[in-house]
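Participant:
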Amino acid sequence: MSFASAAVVAGAFATVPVGGARAAVPAGNLLQNPGAESGTAGELTGWTTSNEFRAERYGAPFFPSVAVGSAFGGGTRFFAGGGAANAAVSAATQTVDVTSAGAEIDAGGVSADLSAYLGGIDDEGDHAAVTAEYLAGTTVLGGPLTVGPVTRADRGDQTAFLPRIRGGAVPAGTRQIRVTITVTRTFGSYSDGYADNLSLTLSGGLTPTPTPTPTPTPSPAPTPAPTPTPSPTPTTPGTVTTPTTTTPEPPVTPTPPAVPGRVQKGSIKGIKSPGRRILGKISVTGRTCRSGRRVVVKKGTKTVGSGRTKANGSFNIKTKKHKKGKLTVRIARRTTAGTTCAAISKKVPGRN
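Counting with mature numbering (1 follows the signal peptide of the UniProt record, and there is no 0), you get residues -23 to -1, 1 to 329 for the letters of the sequence shown.
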């Protein structure tokens, strides 16, 4: 067989570049669970987390609204830094294996693009950034790709997510790419740096060629037999034929589903405001509605402090400088294990 004939035969099955066969660069987003939609709030599918890094839901009290997420297709959940009291930094990490494209990467010409929507809440300075590191086993190759952070100035002190993207060449020898979301808390006891819709893609080198799907030749449709025309019904002179009408059935209104569980109300007790701190405790039956509740302190519409309740329902929130006057301490509504924990709020004297 001649070289030309061999090339034609080979081309019918795969693209064979000069110098030997090389695997195609994988297409599409290489990240698993890039938008925090899979897994529980604290156990995110595909990610290894630290310091209470978690997922939160759009529209939950004191978090970005459903409209904020819908503006960029954010789904129902997003990544958030969480409420580790003794850690200002929390993170989530995922390592992507690109060994199958090793030959293409080593030959050069393969690039990576890293993108994410990053944001925060109100005028708080908590922020998130995403990095992609190139690895050969445990060895880090070259410099990382980094997107973010999005600062409060970038957001104009508004609750928002902004897109960030960066690309670069993948170093020869790369066999894994480690992606890390890092959230830094600058205020309060809950880290309100957010991320969503992450993406890591590769381009260049070979790209997968889809196998064409054969199009079946349709069988000719049979010619239908002519339909005989019915003879008209004779009408007796002087007889009026009244058309038959059918009265439509009235639409059935569905019964709304019953709401399971019960509502657990409570109150805030022993509240104090020493210095620029707000201390207090939830008084409510059962641990379900005491532990891990989101606490937000507001001066008017401006958030001046936030955090979470401890296992016994107590909280200790540090507030930033604000104008004199009453503050509102609000504990968010939460539904868990069939029980709805009602929202609680109380006015307290504030110090600036």
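The C-beta atom is built at its ideal place from N, Cα and C for all residues, glycine as well.
Is it the case that the Cβ atoms of Ala109 and Leu118 are separated by a distance below 8 Å?
Facilitator: No. Outside cutoff.
Participant: Identify, in the order they occur along the chain, each residue of the same chain with its Cβ nearer than 7 Å to the Cβ of Gly150, setting aside the five sequence neighbours on each side.
Facilitator: If we look at Gly150 and ignore the five residues flanking it on each side, its Cβ neighbours are Asp83, Ala113 and Leu118.
Participant: For Phe164, which residues in the same chain have their Cβ closer than 7 Å to its Cβ, ignoring the five residues on either side in sequence?
Facilitator: Answer for Phe164: Glu101, Gly102, Asp103 and Lys297, listed in chain order.
Participant: Can you tell me which residues form a DSSP beta bridge with Lys279?
Facilitator: BP columns for Lys279 point to Lys276.
Participant: Based on DSSP bridge pairs, tell me the residues matched to His104.
Facilitator: For His104, which the question treats as bridged, DSSP gives the partners Thr161.
Participant: What residue range is occupied by the uninterrupted alpha helix (DSSP H) comprising Asp131?
Facilitator: Asp131 -> alpha helix (DSSP H) spans Arg129 to Arg132.
Participant: What three-state label does DSSP hand Glu81 in the structure shown?
Facilitator: Helix.
Participant: Where do the N-terminal and C-terminal ends of the beta strand (DSSP E) with Val45 fall, by residue?
Facilitator: Segment Val43 to Ser47 is the alpha helix (DSSP H) holding Val45; no beta strand (DSSP E) there.
Participant: Check whether the Cβ atoms of Asp74 and Gln153 sit closer than 8 Å, and answer yes or no.
Facilitator: Contact flag set, yes.
Participant: So, are the CB atoms of Arg307 and Ala319 less than 8 Å apart?
Facilitator: Going by C-beta atoms, Arg307 is not nearer than 8 Å to Ala319.
Participant: Determine the contact status of Ile259 and Ile321, defining contact as a CB-CB distance below 8 Å.
Facilitator: Contact: yes.
Participant: Starting from Pro140, follow the beta strand (DSSP E) in both directions and report where the run begins and ends.
Facilitator: Per DSSP, Pro140 belongs to the beta strand (DSSP E) from Ala137 to Ala146.
Participant: Would you mind working out which of Phe138, Ala4, Glu81 and Ser166 sits nearest Phe56, comparing C-alpha positions?
Facilitator: Checked all of Phe138, Ala4, Glu81 and Ser166; the closest Cα to Phe56 is Phe138.
Participant: Please classify Pro326: is it buried, with 16 or more other beta-carbons within 10 angstroms of its beta-carbon, or exposed?
Facilitator: Classification for Pro326: exposed.
Participant: Might you give, ordered along the chain, the residues of its own chain that have their beta carbon closer than 7 Å to the beta carbon of Ser67, omitting 5 neighbours on each side?
Facilitator: Same-chain partners within the cutoff: Ser27, Asn28, Glu29, Phe30, Gly58, Gly59, Ala61, Val160 and Ser168.
Participant: Below 8 Å on the Cβ atoms is my guess for Val43 versus Gly52; work out the distance and round it to an integer in Å.
Facilitator: No, Val43 and Gly52 are not in contact; Cβ-Cβ is about 10 Å, not under 8 Å.
Participant: Taking the continuous beta strand (DSSP E) assigned at Leu91, which residues delimit it?
Facilitator: Ser88 to Gly97 is the extent of the beta strand (DSSP E) around Leu91.
Participant: Check the DSSP bridge columns for Cys318 and list the partner residues they point to.
Facilitator: In the DSSP output, where bridge partners are listed per residue, Cys318 has Gln241 and Arg311.
Participant: Using the Cβ count rule (16 or more neighbours within 10 Å means buried), how would you classify Ser92?
Facilitator: That one is buried.
Participant: Report, in whole angstroms, the separation of the C-beta atoms of Asn6 and Trp24, which I expect to be a contact under 8 Å.
Facilitator: Contact doesn't hold; Cβ gap of about 14 Å is too wide.
Participant: Do Lys287 and Arg253 come within 8 Å of each other at the CB atom, strictly closer than that value?
Facilitator: Contact flag unset, no.
Participant: Going by C-alpha distance, which of Pro140, Thr317, Glu20 and Gly182 is nearest Thr4?
Facilitator: Thr is not the amino acid found at residue 4; the sequence shown has Ala there. Considering only alpha carbons, the answer is Gly182.
Participant: Between which two residues does the beta strand (DSSP E) carrying Thr178 extend?
Facilitator: Unbroken beta strand (DSSP E) run through Thr178: Ser168 to Ser180.
Participant: May I ask you to report which of helix, strand or coil DSSP gives Thr76?
Facilitator: Note: Thr76 maps to helix in three-state DSSP.
Participant: Can you give the Cα-Cα distance for Asn293 and Arg141, rounded to whole angstroms?
Facilitator: In a straight line, the C-alpha of Asn293 is about 35 Å away from that of Arg141.
Participant: Between Gln241 and Thr316, which are expected to be in contact by the criterion C-beta below 8 Å, what is the C-beta distance as a whole number of angstroms?
Facilitator: Confirmed, about 5 Å.
Participant: With burial defined as no fewer than 16 other Cβ atoms inside 10 Å of the residue's Cβ, what is the status of Lys275: buried or exposed?
Facilitator: Classification for Lys275: buried.
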